[in-house]
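*Asks:*
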Amino acid sequence: MTDEAHSMKTLADLKQVGDQVRIVEVHGDDGVAIRLMEMGLTEDEEIELVGFAPLGDPIEFSVRGYRISLRETEAARVEVSD
Amino acid sequence: MSDSVTTPSESSRLTVALIGNPNTGKSTLFNALCGGQARVGNFPGVTVEKKVGQYQFKERDITLIDLPGTYSLSPRSADEMVSVDVLLGRQDDIPKPQAVVCIVDSSNLERNLYVFSQIRDLNLPTVLVLNMWDLAKNRGITIDVDELRQRLGVTVVMTSAHRQDGIEAVSEAIIQVVEDEVTPPPRLFPEAFYAEVEKLSAWLVEHGEEPAHFYLHERMLLDVRGASEEATNKENTLQLKEYLGETRLRLAAEGCRIPAIETKLRYNWIREKLDGVMVRPASDQTLSTSDRIDKIVTHRFSGILVFALLMFLVFQAIYTWSGPFMNLVEGGQNFISTTVEGWMPPGTLRSLLVDGLIAGVGSVIIFLPQIVMLFAFIAIMEDCGYMARAAFLMDKLMTKIGLSGKSFLPLMSSFACAIPGVMATRVIENRRDRMVTMLVAPLMSCSARLPVYILMIYTFIPASFIFGWLPLQGTVLFAMYALGTLIAIPIAWILKKTFFKGETPPFVMELPPYKWPSPRIVFDRVYDRAKAFVVRAGTLIFSVTVLVWALSYFPSDHSELHNLSIQMETIEVTAPAEQETLDQLSDQHNLLAGKLIRESYLGRMGVAIEPVVKPLGWDWRIGIGALASFPAREVVIATLGTIFSLGGDTDEENPGLRSTLAAATWPDGRPLFTVPVALSIMVFFALCAQCGATLMVIRRETNSWRWPIFTFTYMTVLAYVAAFLTYQIGTAIGG
Ligand SMILES: Nc1nc2c(ncn2[C@@H]2O[C@H](COP(=O)(O)OP(=O)(O)O)[C@@H](O)[C@H]2O)c(=O)[nH]1
Numbered sequence: 124m125t126d127e128a129h130s131m132k133t134l135a136d137l138k139q140v141g142d143q144v145r146i147v148e149v150h151g152d153d154g155v156a157i158r159l160m161e162m163g164l165t166e167d168e169e170i171e172l173v174g175f176a177p178l179g180d181p182i183e184f185s186v187r188g189y190r191i192s193l194r195e196t197e198a199a200r201v202e203v204s205d
Numbered sequence: 050m051s052d053s054v055t056t057p058s059e060s061s062r063l064t065v066a067l068i069g070n071p072n073t074g075k076s077t078l079f080n081a082l083c084g085g086q087a088r089v090g091n092f093p094g095v096t097v098e099k100k101v102g103q104y105q106f107k108e109r110d111i112t113l114i115d116l117p118g119t120y121s122l123s124p125r126s127a128d129e130m131v132s133v134d135v136l137l138g139r140q141d142d143i144p145k146p147q148a149v150v151c152i153v154d155s156s157n158l159e160r161n162l163y164v165f166s167q168i169r170d171l172n173l174p175t176v177l178v179l180n181m182w183d184l185a186k187n188r189g190i191t192i193d194v195d196e197l198r199q200r201l202g203v204t205v206v207m208t209s210a211h212r213q214d215g216i217e218a219v220s221e222a223i224i225q226v227v228e229d230e231v232t233p234p235p236r237l238f239p240e241a242f243y244a245e246v247e248k249l250s251a252w253l254v255e256h257g258e259e260p261a262h263f264y265l266h267e268r269m270l271l272d273v274r275g276a277s278e279e280a281t282n283k284e285n286t287l288q289l290k291e292y293l294g295e296t297r298l299r300l301a302a303e304g305c306r307i308p309a310i311e312t313k314l315r316y317n318w319i320r321e322k323l324d325g326v327m328v329r330p331a332s333d334q335t336l337s338t339s340d341r342i343d344k345i346v347t348h349r350f351s352g353i354l355v356f357a358l359l360m361f362l363v364f365q366a367i368y369t370w371s372g373p374f375m376n377l378v379e380g381g382q383n384f385i386s387t388t389v390e391g392w393m394p395p396g397t398l399r400s401l402l403v404d405g406l407i408a409g410v411g412s413v414i415i416f417l418p419q420i421v422m423l424f425a426f427i428a429i430m431e432d433c434g435y436m437a438r439a440a441f442l443m444d445k446l447m448t449k450i451g452l453s454g455k456s457f458l459p460l461m462s463s464f465a466c467a468i469p470g471v472m473a474t475r476v477i478e479n480r481r482d483r484m485v486t487m488l489v490a491p492l493m494s495c496s497a498r499l500p501v502y503i504l505m506i507y508t509f510i511p512a513s514f515i516f517g518w519l520p521l522q523g524t525v526l527f528a529m530y531a532l533g534t535l536i537a538i539p540i541a542w543i544l545k546k547t548f549f550k551g552e553t554p555p556f557v558m559e560l561p562p563y564k565w566p567s568p569r570i571v572f573d574r575v576y577d578r579a580k581a582f583v584v585r586a587g588t589l590i591f592s593v594t595v596l597v598w599a600l601s602y603f604p605s606d607h608s609e610l611h612n613l614s615i616q617m618e619t620i621e622v623t624a625p626a627e628q629e630t631l632d633q634l635s636d637q638h639n640l641l642a643g644k645l646i647r648e649s650y651l652g653r654m655g656v657a658i659e660p661v662v663k664p665l666g667w668d669w670r671i672g673i674g675a676l677a678s679f680p681a682r683e684v685v686i687a688t689l690g691t692i693f694s695l696g697g698d699t700d701e702e703n704p705g706l707r708s709t710l711a712a713a714t715w716p717d718g719r720p721l722f723t724v725p726v727a728l729s730i731m732v733f734f735a736l737c738a739q740c741g742a743t744l745m746v747i748r749r750e751t752n753s754w755r756w757p758i759f760t761f762t763y764m765t766v767l768a769y770v771a772a773f774l775t776y777q778i779g780t781a782i783g784g
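Protein chains in written order, with the working numbering: chain A, 124 to 205; chain B, 50 to 784.
1. For Asn385 of chain B, tell me which candidate among B:Arg125, B:Gly409, B:Phe733, B:Val363 has the shortest Cα-Cα distance.
2. What does DSSP give as the partner residue(s) for Cys151 of chain B in the beta ladder?
3. Count the other CB atoms within 10 Å of the CB of Phe242 of chain B; is the residue buried (16 or more) or exposed (fewer)?
4. Have a look at Lys313 of chain B and Ala185 of chain B and give me their C-alpha separation to the nearest angstrom.
5. To the nearest angstrom, report how far apart Ile673 of chain B and Leu689 of chain B are at their CA atoms.
6. Less than 8 angstroms between the C-beta atoms of Glu202 of chain A and Glu148 of chain A, yes or no?
7. Just to make sure I have the definition right: I need the residues of chain B whose C-beta is within less than 7 angstroms of the C-beta of Met162 of chain A. Which are they?
8. Any idea if Ser614 of chain B is buried or exposed, counting beta-carbon neighbours within 10 angstroms, 16 or more meaning buried?
9. Output needed in chain order: residues of the region 168 to 195 of chain A with a Cβ under 7 angstroms from some Cβ in chain B.
10. Does DSSP put Tyr502 of chain B in a helix, in a strand, or in coil?
11. Which residues bound the beta strand (DSSP E) around Tyr189 of chain A?
12. Counting contacts by CB-CB distance shorter than 8 angstroms, is Thr165 of chain A in contact with chain B?
13. Would you give the residue range spanned by the alpha helix (DSSP H) that Ala127 of chain B belongs to?
14. Name the chain B residues whose beta carbon is nearer than 7 angstroms to that of Ile157 of chain A?
15. Within 8 angstroms (strictly less), CB to CB, does Val149 of chain A reach chain B?
16. With a cut-off of 8 angstroms, does the C-beta of Thr96 of chain B fall near any C-beta of chain A?
17. Once the 5 residues before and after Glu258 of chain B are set aside, which same chain residues still bring their CB inside 7 angstroms of it?
18. From the DSSP output, in three-state form, read off Thr77 of chain B for me.
19. According to DSSP, is Ser51 of chain B part of a helix, a strand, or is it coil?
20. To the nearest angstrom, how far is it from the Cα of Ile570 of chain B to the Cα of Lys107 of chain B?
21. So does Leu184 of chain B have its beta carbon nearer than 7 angstroms to some heavy atom of ligand 2?
22. Please confirm whether Pro57 of chain B has its beta-carbon closer than 8 angstroms to some beta-carbon of chain A.
23. Name the DSSP bridge partner or partners of Gly90 of chain B?
24. Would you mind telling me which residues of chain A sit closer than 8 angstroms to Phe441 of chain B, beta carbon to beta carbon, in chain order?
25. Thinking just about the alpha-carbon of each residue, which of B:Phe426, B:Arg139, B:Arg198, B:Val597 is nearest to the one in Gln739 of chain B?
26. Thinking just about the alpha-carbon of each residue, which of B:Gly215, B:Ile367, B:Leu665, B:Cys83 is nearest to the one in Gly32 of chain B?
27. Any C-beta of chain B sitting closer than 8 angstroms to the C-beta of Asp153 of chain A?
28. Quick check: what's the CA-CA separation for Gly380 of chain B versus Tyr602 of chain B?
29. For Asn383 of chain B, is the classification buried or exposed, using 16 other Cβ atoms within 10 angstroms of its Cβ as the cut-off for buried?
30. Within 10 angstroms of the Cβ of Leu362 of chain B, are there 16 or more other Cβ atoms? Answer buried if so, exposed if not.
31. Going by beta-carbon coordinates alone, are Leu179 of chain B and Ile192 of chain B separated by less than 8 angstroms?
32. What would DSSP say about Leu423 of chain B, mapped onto helix, strand or coil?
33. Return yes when the C-beta of Ile515 of chain B is under 7 angstroms from any heavy atom of ligand 1, and no when it is not.
34. How would you list, in chain order, the residues of chain A whose beta-carbon sits under 9 angstroms from the beta-carbon of Asn187 of chain B?
35. When every heavy atom of ligand 1 is checked, does at least one fall within less than 7 angstroms of the C-beta of Asp142 of chain B?
36. What residue from B:Thr714, B:Phe416, B:Thr547, B:Ile646 has the CA that sits closest to Thr743 of chain B's CA?
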């Protein structure tokens, strides 16, 4: 990973329920990345943090008018900006 | 390949494929169209269910193929490739569909149209069904259908499938679209991309490949390491991988970056088409209510509490509530057996009927109460939206053994019975996770093991206390339950590292809004599962039971035994007061029955394997007991009863059986059963795959003999080694 990758903000960094961000990019070309994009997590899309599972992982988000659950490792693949 | 299946003389026949996202009401529409008439099977070589229905509409015979619910048509595995193959007419056992019906959830149109946009690329006559129309209306979502029809260039039908609204319009649309000219698919990608796909097609033909549909080559370029590439190029003899890699680089240089480009372009296209056509209200009541429920149900404390309560309920249902129904089945079986015994004199035929056939049918039906209970719960939890939350809650825990939250319920149910547990693994869409869950499920201590534990513990484990307060017997019982679970962890881990290794599957999961479960859906699902079990696993379970009956009956001469039975039955009728004679005869009968089973094929096998079981501390009698319980572990009690000449009608609470076992000795007079022997028997039963029904269900669910054989082998080896260690260590410590 590059330094840039370390400093980028991802969905996994969101802490506050109700936080809204804009998707910059989903990193990777494996099954996880593809599935994320197919579910509508594409560039410039708004996404909101809805809640956490009791052990802090997975995480629930709202995107394109529906609710989706992502594991922390999956959320970390989604680069976002405020 | 099978394009020629539809001959002109069959022109009134129509084959139609039905596809859409999960939870869009696809099965409801399927049933509404076909009236519940469907043939269910498996596609060859994969674990995908094949559901085909037939119906007639306006003189046309329509064959409807239900494809698995999916968010996209970008196959990454052989299982996912099936849908593409069916749609393109490449699946040998199914004619090429003349039309495709794509069903979407009108209240969640944007994401649902993604797979639709891919289906358009197939260039097939397409009907777009906007289902859940009622729901969209209730939620204040408006859709300008005429405008949408114009913009998408396909026939659009609105339905509320659960109320049968608009079903006829779907059939009308189907027979119409096959006549109409197909609007060519939109060209979403830059021209450079299409040029590359054409180049690829030409290149493949040049290299000796059959010409194939444009969509397949589109997928080859778009799906990095996808199934379309894999299917064409198993050994990479063509250097296809390199070719595709270079092409992707070229395209990326022109600003067409794979894979991100596809989702971006398709979603942009969807936005554009929906702009001004679909309007959502500013605040959606359904979603906000659902979010409020989620606040409680996925909360750190209340969420766990609700979950624990529900799981307790499920467990009670399969473990306890199904008890009376199982007794009913047993009662019914006894009643029929007794009736038959009343009609027929003792003899081989009667034994075949009662102990073979009737017992065989009974051994299938006996599992139905548990299956029905579990699937009723699963169907309710699934349909109201809780199932996804349960997986959400448990996921973190299950990732520790390399599985996902969806494996929790199947594994937990297996503590009651592995059969519904294995069947419940269907909720896991990832094949590798599903396989691993299925293969470790039989390690969970099911209710059929309990009688063995009880017999051994209460006969041979002293009722003392560890540290003066911890009851030893209860602790041993707990240890037996824990054993299978603890062993399942490394087994799952090893399976994940060997047979089922691969990239961690995404756990990206939709959390649908909560709703009231529909009784009809619940009933249908339970009925489906029960029927599948009886019809397809049942025959095999039945055959195994009959086979074991034959092994334990032949080749011994049973005429003397039958004579004794006749005498006893005559006395029972004519002179019931002669209890003493009856007891005498009964003792003789049991003694003889014990001798006969020893002389049977099964008994000979037991004697032959004595050297094998001796290191476990067992003699041949225990060996026969274990052998006889391979089809169903609970029969061990009755078998031990027969072998130790107590008659077969004993149970684990029977004081006679307990004292007989306690008094049993080796030929040299040493007691046969010691604490280490009892422990080694329990450990063996805890880990061994002594359940023909489970193995048959695994065979049915995996569509192959390989996995039941594998399960049987690994569990038996595991059981043997563990029982060996238990006995040897136990003896060394001084049992
Ligand atoms: N409100 C509403 N519910 C529907 C409609 N069609 C199906 N359902 C319900 O949606 C749920 C999922 O349906 P099902 O057919 O199992 O969906 P599948 O997963 O796509 O096969 C069930 O509870 C159905 O009763 C509809 O048009 N409107």
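Cβ atoms here follow ideal geometry from the backbone N, Cα and C, with glycine treated the same way.
The structure presented is a predicted model; accordingly, all values stated were derived computationally and were not measured.
*Replies:* Looking at the atomic coordinates:
1. Here residue 385 of chain B refers to the residue found at position 336 when the second sequence is read from its first residue. Note that residue 385 of chain B is Ile in the sequence shown here, rather than Asn. Out of B:Arg125, B:Gly409, B:Phe733, B:Val363, B:Gly409 has the C-alpha closest to the C-alpha of Ile385 of chain B.
2. For the purposes of this step, residue 151 of chain B is identified with residue 102 of the second sequence, where counting begins at 1. B:Ile68, B:Leu177.
3. Counted from its first residue, the second sequence places residue 242 of chain B at position 193. It counts as buried.
4. Residue mapping note: residue 313 of chain B aligns to position 264 of the second sequence, counting from 1. Residue mapping note: residue 185 of chain B aligns to position 136 of the second sequence, counting from 1. Looking at the two C-alpha atoms, the distance is approximately 26 angstroms.
5. For this step, residue 673 of chain B is matched to residue 624 along the second sequence. For this step, residue 689 of chain B is matched to residue 640 along the second sequence. C-alpha separation (whole angstroms): 8 angstroms.
6. Walking along the first sequence from the start, residue 202 of chain A turns up at place 79. Walking along the first sequence from the start, residue 148 of chain A turns up at place 25. Going by C-beta atoms, Glu202 of chain A is nearer than 8 angstroms to Glu148 of chain A.
7. To locate residue 162 of chain A, count along the first sequence from 1; it is residue 39. Tyr120, Arg160, Val557, listed in chain order.
8. Position 565 of the second sequence, counted from the first residue, corresponds to residue 614 of chain B. With 16 or more other CB atoms across the displayed protein chains lying within 10 angstroms of its CB, Ser614 of chain B is buried.
9. Per Cβ criterion, the list reads Val173, Gly174, Ala176, Pro177, Leu178, Asp180, Pro181, Glu183, Arg187, Gly188, Tyr189, Arg190, Ile191, Ser192, Leu193, Arg194.
10. To locate residue 502 of chain B, count along the second sequence from 1; it is residue 453. Three-state result, Tyr502 of chain B: helix.
11. Working through the first sequence from its first residue, we reach residue 189 of chain A at position 66. From DSSP, the beta strand (DSSP E) with Tyr189 of chain A extends over 189 to 193.
12. Counted from its first residue, the first sequence places residue 165 of chain A at position 42. Taking Cβ atoms only, chain B reaches closer than 8 angstroms to Thr165 of chain A, which makes this a yes.
13. Residue numbering aside, residue 127 of chain B sits at position 78 when the second sequence is read from its first letter. Note, Ala127 of chain B: alpha helix (DSSP H), 127 to 136.
14. Along the first sequence, read from residue 1 onward, the residue named residue 157 of chain A stands at position 34. Going along chain B in sequence order, the residues near Ile157 of chain A (Cβ under 7 angstroms) are Ser123, Pro308.
15. Taking the first sequence and counting its residues from 1, the one referred to as residue 149 of chain A is at position 26. For Val149 of chain A, the nearest beta carbon of chain B is closer than 8 angstroms to its own beta carbon.
16. Along the second sequence, one-based indexing puts residue 96 of chain B at 47. Nearest CB-CB separation between Thr96 of chain B and chain A: not below the 8 angstroms threshold.
17. Start at 1 with the first residue of the second sequence, and residue 258 of chain B comes out as number 209. In its chain, beyond the 5 residues on either side, Thr281 have a beta carbon closer than 7 angstroms to the beta carbon of Glu258 of chain B.
18. Along the second sequence, one-based indexing puts residue 77 of chain B at 28. Helix, per DSSP.
19. Translated into positions along the second sequence, residue 51 of chain B becomes position 2. Note that Ser51 of chain B has pLDDT 43, beneath the 50 cutoff, so the model's placement of it is unreliable and the number below is only indicative. If DSSP states are grouped into helix, strand and coil, Ser51 of chain B belongs with coil.
20. Position 521 of the second sequence, counted from the start, is the residue given in the question as residue 570 of chain B. Position 58 of the second sequence, counted from the start, is the residue given in the question as residue 107 of chain B. Just so you know, the alpha carbons of Ile570 of chain B and Lys107 of chain B end up roughly 28 angstroms apart.
21. Looking at this structure, you won't find ligand 2 anywhere; what it does contain is ligand 1.
22. Your numbering for residue 57 of chain B matches position 8 in the second sequence. Residue placement at Pro57 of chain B is flagged as unreliable, the pLDDT there being 43, under the threshold of 50; the coordinate-derived value follows with that caveat. No, no contact with chain A.
23. Numbered from 1 along the second sequence, position 41 holds the residue referred to as residue 90 of chain B. Note: Gly90 of chain B sits in a beta bridge opposite B:Lys99.
24. Mapped onto the second sequence, residue 441 of chain B falls at position 392. Result: Ala176, Pro181, Glu183, Ser192.
25. Taking the second sequence and counting its residues from 1, the one referred to as residue 739 of chain B is at position 690. The shortest C-alpha separation from Gln739 of chain B is found at B:Val597.
26. Outside the displayed span of chain B (50 to 784) sits residue 32 of chain B, for which this structure offers no information.
27. For this step, residue 153 of chain A is matched to residue 30 along the first sequence. Interface residue, yes.
28. If you number the second sequence from 1, residue 380 of chain B lands on position 331. If you number the second sequence from 1, residue 602 of chain B lands on position 553. Rounded to whole angstroms, Gly380 of chain B to Tyr602 of chain B spans 24 angstroms at the Cα level.
29. Looking up residue 383 of chain B in the second sequence gives position 334. It is exposed - the Cβ of Asn383 of chain B has fewer than 16 other Cβ atoms within 10 Å.
30. Against the second sequence, residue 362 of chain B aligns to sequence position 313. With fewer than 16 other Cβ atoms within 10 Å, it is exposed.
31. Counted from its first residue, the second sequence places residue 179 of chain B at position 130. Counted from its first residue, the second sequence places residue 192 of chain B at position 143. Contact flag set, yes.
32. Here residue 423 of chain B refers to the residue found at position 374 when the second sequence is read from its first residue. Looking at Leu423 of chain B - three-state DSSP - the assignment turns out to be helix.
33. Start at 1 with the first residue of the second sequence, and residue 515 of chain B comes out as number 466. Incorrect: Ile515 of chain B has no Cβ contact closer than 7 angstroms to ligand 1.
34. In the second sequence, residue 187 of chain B corresponds to position 138, counting from 1. Residues of chain A whose Cβ lies closer than 9 angstroms to the Cβ of Asn187 of chain B do not exist, since the nearest Cβ in that chain is about 15 angstroms away.
35. Working through the second sequence from its first residue, we reach residue 142 of chain B at position 93. No; taking the cut-off as 7 angstroms, the Cβ of Asp142 of chain B has no heavy atom of ligand 1 nearer than that.
36. Reading the second sequence from its first residue, position 694 is the one you call residue 743 of chain B. Taking only the C-alpha atoms, the option nearest Thr743 of chain B is B:Phe416.
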